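Just below is one structure, and these are the notes that go with it.
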Amino acid sequence: MNVHQFFHLARSFLSHIMHTSSLSLSLSLKMF
């Protein structure tokens, strides 16, 4: 695995976490 693949994987992982956290945040905001 080279550096380019690692950065691509880390960026997709970070965007996935941000997407799920924002999704759960909007869901929790709808509950209140």
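Going by my numbering, the first residue of the sequence shown is number 172, and it counts up by one from there. C-beta: ideal position from N, C-alpha, C; glycine also. This one's a predicted model, so the numbers in the text were calculated from it and none came from an experiment.
Counting only beta-carbon separations shorter than 8 Å, does residue i have a partner in chain C?
i	result
F177	The structure shown contains no chain C; it holds only a single protein chain.
Taking the straight line between their C-alpha atoms, what separation do you get for residue i and residue j?
i	j	result
R182	S199	26 Å
S197	L180	26 Å
M202	S195	11 Å
M189	Q176	20 Å
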